[in-house]
Amino acid sequence: MQQGPRPNFNNRGRNPNFRREQQQEHRTNRMIRVPEVRLVGDNVEPGVYRTDEALRMAEDLALDLVEISPNAVPPVCRIIDYNKFLYEKKKKEKEMKANAHKSEVKEIRFTPNTDDHDFDFKAKHAEKFLKEGNKVKTYVQFKGRAIMFKERGELILLKFAERLAEVGALEGMPLMEGKRMIAIFAPKSAKKKPAGVPKEPKENTGEPQAPRPPQPPREEQPQAAPVRRPIEIKYAKPPAPKTPAPNDKPAEGGSSN
């Protein structure tokens with residue numbers, strides 16, 4: 001007796017769009033199985049619609065019904081071109097990723113015998129790294145007997161911290177790790193203006209400015225009348241008459257009574 005082909009029970013009850021749903025980021029068109037959805041967008045009147053009605057509207061516009069917010073009640077959908085929507089979304093993500101700055105740690109090496117020219121050259125590089133938002137890891141490398149000059153290495157790193165004070169902050173005092181003395185600098189954020197500094201006047205852009213509220217008139221306090229002091233008049237005293245001394249003799253040739 002010949003037997004016919006066995007029925008394939010492996011695919012029984014399986015949704016043919018199941019794999020497609022797993023691959024797609026959003027549910028679209030017939031994958032949306034809720035009774036009603038909320039439509040948003042420019043090409044439709046926003047509101048809550050039955051799902052079959054929203055699908056018919058999408059078909060009439062030759063576009064797709066895309067579920068953009070599945071957790072809302074009801075889910076939020078848009079009638080758009082799904083392929084174009086994905087292209088613009090990936091393009092924006094790529095631009096945001098390109099503009100996002102990744103902070104890096106730049107290393108700068110010194111020796112206990114670093115001269116002033118080399119010091120200035122490396123300080124300029126560190127300032128550039130800090131202004132770009134990167135951290136700077138500086139260390140003094142000791143070789144052989146140079147380990148005896150730890151104080152000299154610490155002085156170099158502290159001098160370096162003083163040089164970078166405007167653009168970078170020292171995260172901690174220099175520490176020894178093996179044969180290296182290490183100090184790490186973090187970029188400084190923009191400083192805020194102190195509260196006491198007056199703001200600069202804004203340029204006149206031609207836009208009407210809001211009128212200032214009327215201020216109450218100041219009460220004028222009566223001024224006190226000036227106090228007049230009496231004028232003291234000082235008179236010169238007449239000279240006192242001169243009295244002759246008792247021992248004075250009369251002048252010669254004078255008449256006597």
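Take this note's numbering: the final residue in the sequence shown is number 257, and no numbers are missing along the way.
We put the beta carbon where it would ideally sit given N, CA and C, even for glycine.
Under the three-state reduction of DSSP output, Ala169 falls in the strand class.
The beta carbon of Arg27 sits closer than 6 Å to the beta carbons of Glu67 from its chain, once the five residues preceding and following it are set aside; these are given in chain order. Take Leu157, set aside five residues on each side of it, and the residues of its chain with a beta-carbon closer than 7 Å to its own are Thr138, Val140, Pro174, Met181 and Ala183, in chain order. With fewer than 16 other CB atoms across the displayed protein chains lying within 10 angstroms of its CB, Pro46 is exposed. Per DSSP, reduced to three states, the secondary structure at Arg163 is helical.
Assigned with DSSP and collapsed to three states, Thr138 falls in strand.
When C-alpha distances from Lys84 are compared across Met57, Ala98 and Leu65, the shortest belongs to Leu65. Per DSSP, Lys131 is one residue of the alpha helix (DSSP H) stretching across Asp116 to Lys131. By the neighbour-count criterion, in which a residue is buried when 16 or more other Cβ atoms sit within 10 angstroms of its Cβ, Gly168 is buried. The criterion of a C-beta distance shorter than 9 Å is satisfied by Asn113 and Ala146. Nearest C-alpha to Asp42 among Glu104, Cys77, Lys89 and His117: Cys77.
In the structure shown, Asp42 adopts coil according to DSSP, grouped into three states.
If you draw a straight line from the Cα of Val44 to the Cα of Ile79, it comes to about 8 Å. Between Glu93 and Ser69, the alpha-carbon positions lie close to 18 Å from each other.
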